[in-house]
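Student: Line by line, the protein sequences give chains X and L.
Heads up: the first sequence runs through residues 653 to 786, numbered per the numbering used here.
Heads up: the second sequence runs through residues 653 to 786, numbered per the numbering used here.
There are 2 protein chains.
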Amino acid sequence: MSNLGIGQLARRAGVAIDTVRYYERNDLLSPAGRLASGYRRYGEAELKRLRFIRRAKALGFTLEDIRGLLSLSDERSVARIKQAAEAKLADIDRRIDELERIREGLRTLVKACPGHGRAESCPILNALNAEDAP
Amino acid sequence: MSNLGIGQLARRAGVAIDTVRYYERNDLLSPAGRLASGYRRYGEAELKRLRFIRRAKALGFTLEDIRGLLSLSDERSVARIKQAAEAKLADIDRRIDELERIREGLRTLVKACPGHGRAESCPILNALNAEDAP
DNA sequence: CTTGACTCTGGACCACGGTCCAGACTTTAG
DNA sequence: CTAAAGTCTGGACCGTGGTCCAGAGTCAAG
Numbered sequence: 653m654s655n656l657g658i659g660q661l662a663r664r665a666g667v668a669i670d671t672v673r674y675y676e677r678n679d680l681l682s683p684a685g686r687l688a689s690g691y692r693r694y695g696e697a698e699l700k701r702l703r704f705i706r707r708a709k710a711l712g713f714t715l716e717d718i719r720g721l722l723s724l725s726d727e728r729s730v731a732r733i734k735q736a737a738e739a740k741l742a743d744i745d746r747r748i749d750e751l752e753r754i755r756e757g758l759r760t761l762v763k764a765c766p767g768h769g770r771a772e773s774c775p776i777l778n779a780l781n782a783e784d785a786p
Numbered sequence: 653m654s655n656l657g658i659g660q661l662a663r664r665a666g667v668a669i670d671t672v673r674y675y676e677r678n679d680l681l682s683p684a685g686r687l688a689s690g691y692r693r694y695g696e697a698e699l700k701r702l703r704f705i706r707r708a709k710a711l712g713f714t715l716e717d718i719r720g721l722l723s724l725s726d727e728r729s730v731a732r733i734k735q736a737a738e739a740k741l742a743d744i745d746r747r748i749d750e751l752e753r754i755r756e757g758l759r760t761l762v763k764a765c766p767g768h769g770r771a772e773s774c775p776i777l778n779a780l781n782a783e784d785a786p
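1. According to DSSP, which residues form a beta bridge with L/Y694?
2. At which residue ranges does the region 670–752 of chain X contain complete beta strand (DSSP E) runs of 3 or more residues, listed in the order of the chain?
3. Helix, strand or coil for X/G757? Go by DSSP, reduced to three states.
4. Below 8 Å CB to CB, which residues in the same chain sit around X/L761 once its five sequence neighbours on both sides are set aside?
5. For chain X, find out if any of its Cβ atoms is closer than 9 Å to the Cβ of L/V672; answer yes or no.
6. Using only CA atoms, which one of L/R663, L/L741, L/H768, L/L722 lies nearest to X/R732?
7. Check whether the region 670–683 of chain X and the region 748–766 of chain L touch, using three or more Cβ-Cβ pairs below 8 Å as the test.
8. Please compile the residues from chain L whose C-beta is within a distance smaller than 7 Å of the C-beta of X/E738.
9. Using the three-state DSSP reduction, which class does X/A668 fall into: helix, strand or coil?
10. Could you give the distance in angstroms between the alpha-carbon of X/R747 and the alpha-carbon of X/L721?
11. With a Cβ-Cβ cutoff of 9 Å, do L/A684 and L/R693 count as a contact?
12. Taking 9 Å as the threshold (C-beta atoms), are X/G695 and X/L656 in contact?
What follows is the structure, given as structure tokens:
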């Protein structure tokens, strides 16, 4: 059931052709076969796999993470899939926390800034110019 | 008052020497002068500016943002500084929102996954394999 | 003066996730 | 049949923010 060319595959998965070849170079997705001409042929399994990659990316997994997930799903190891998802969740928590710290810092400065007057009275500039390093 | 070599400057600002030169290439920081030998010399103004860059980065500004901030602070335009900070705040809000969406997706999946059993019953794999594209 | 530490330049290289290109070949529609 | 559309390969290039290197020259301490 290798009925798709690379262009059809890419369109149906919503990615660029070059991206498909890039994934192949990076061991994420191989064609089901090749024509005598060298043209890649893909089937439903590859389309599913490509969509899997797209969704996992949307969930914040890196391509390396996804390589791991794909090999785990091949192994059918539910426990390890869950662990990987939990680890990624913790990672995302950390990223959110860091951004929130940055946000609070900025928010405080923006609130304190009158938006006019002399540069010396701008708390944003003053904070950036402060002598004590954050 | 050009009393610092590049190494001293870097140490006192807490960055790498290469980073100082990188900033110079990217129009963020120039030496106050050069010795006849070509050695860069920096003063207090450059040290402050470098620390400004470091702090602004910690607040989530890109180097391009910082170039803008530096030129604004030269202009002493408090209103525009505040606008830039507000824009960055909105940007950080958006990044947090996106990560939170991702987090909720993952959280739901992790909660629903029993952590054992057949691969077909793993909601994480099922979501990634779903026919309907997210 | 010597030695070791410092600095200079230009350019290569890293991760990340692609994107784009040329030049050749193949497939498909009409 | 032809012409257009699709695909092939290998490699260059993008942005972001640096890091590292070689080979040469310089500065400071003893």
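The beta carbon of each residue, even a glycine, is placed where N, CA and C say it ideally should be.
Tutor: From the atom records:
1. Your numbering for residue 694 of chain L matches position 42 in the second sequence. Beta bridge pairing from DSSP links L/Y694 with L/L656.
2. Entirely contained in the region 670–752 of chain X, not one beta strand (DSSP E) run reaches 3 residues.
3. Reading the first sequence from its first residue, position 105 is the one you call residue 757 of chain X. The answer is helix: DSSP assigns X/G757 an H, G or I state.
4. As a first step, residue 761 of chain X is located in the first sequence; it is residue number 109 there, counting from the start. For X/L761, where only same-chain residues beyond five positions count, the Cβ hits under 8 Å are P775, I776, A779.
5. Residue mapping note: residue 672 of chain L aligns to position 20 of the second sequence, counting from 1. Between L/V672 and chain X, the shortest Cβ-Cβ separation is not below 9 Å.
6. Working through the first sequence from its first residue, we reach residue 732 of chain X at position 80. X/R732 has its Cα closest to that of L/H768, out of L/R663, L/L741, L/H768, L/L722.
7. Judged by Cβ distances under 8 Å, the region 670–683 of chain X makes no contact with the region 748–766 of chain L, as fewer than three pairs qualify.
8. Numbered from its first residue, the first sequence carries residue 738 of chain X at position 86. Correct list: V762.
9. As a working mapping, residue 668 of chain X is identified with position 16 in the first sequence. It is coil, neither helix nor strand.
10. Stepping through the first sequence from its first residue, residue 747 of chain X is reached at position 95. Stepping through the first sequence from its first residue, residue 721 of chain X is reached at position 69. Looking at the two C-alpha atoms, the distance is approximately 21 Å.
11. Here residue 684 of chain L is taken as the residue at index 32 of the second sequence, counted from 1. Here residue 693 of chain L is taken as the residue at index 41 of the second sequence, counted from 1. Taking the C-beta atoms as reference points, L/R693 is found nearer than 9 Å to L/A684.
12. By one-based count along the first sequence, residue 656 of chain X stands at place 4. By one-based count along the first sequence, residue 695 of chain X stands at place 43. Closer than 9 Å, so yes.
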